[in-house]
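> Residue numbering for the sequence shown follows my numbering, starting at 1 and increasing by one per position. Even for Gly, the Cβ is constructed at its ideal location relative to N, Cα and C.
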Amino acid sequence: MSQFWILQAFLPSMIDSNHGHVVCISSMCGVAGVKDMVPYCTSKFAVSGLMDSLGEEMRAYATGVKVTTVYPFYVDTGMARDPAFRCACVTLLGTLLVRLYSGLYNVTIPL
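#1: Drop a sphere of 10 angstroms on the beta-carbon of Y61, count the other beta-carbons inside from all chains shown, and report buried for 16 or more, exposed for fewer.
#2: With burial defined as no fewer than 16 other Cβ atoms inside 10 Å of the residue's Cβ, what is the status of G55: buried or exposed?
#3: How about C29 and Y40: are their beta carbons less than 8 Å apart?
#4: To the nearest angstrom, how far is it from the Cα of D36 to the Cα of A46?
#5: Taking the alpha carbon of G49 as the point to measure from, which residue in S2, V34, S26 has its own alpha carbon closest?
#6: State the Cα-Cα distance for the pair Q8 and A32, rounded to the nearest angstrom.
#7: Starting from K44, follow the alpha helix (DSSP H) in both directions and report where the run begins and ends.
#8: If the criterion is Cβ atoms closer than 8 Å, does the pair M58 and V70 meet it?
#9: Does V34 pass the burial test, meaning 16 or more other C-beta atoms within 10 Å, or should it be called exposed?
#10: With 16 as the cutoff for other CB atoms within 10 Å, does V22 come out buried or exposed?
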């Protein structure tokens with residue numbers, strides 16, 4: 001919910017000035033789901049969806065507002081303790097390449 005509150009507070013003035021940059025932190029759990037981490041993955045997929053949609057809207061209306069989503073690798077947090085990840089690297093790489101080539105400017109920071 002905090003992302004919505006921040007956007008409600010700052011996005012209108014960014015659009016009015018035709019300038020701004022919204023940066024949001026997601027996680028690799030917002031790209032590929034992980035067993036035993038359903039609540040965490042759900043929250044990170046939501047952030048990714050919000051930012052993808054916002055980016056499309058900002059581009060469609062030529063607002064001049066840039067949107068960036070940062071995808072750090074798995075981080076030990078209260079919702080995700082001792083994160084471990086197993087999936088085919090090809091699947092993960094394919095997902096990231098689709099995002100890159102579709103014009104979505106996302107950043108992944110591996111540990």
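Answer, in terms of the structure:
#1: exposed
#2: buried
#3: yes
#4: 18 Å
#5: S26
#6: 28 Å
#7: 38 to 60
#8: no
#9: buried
#10: buried
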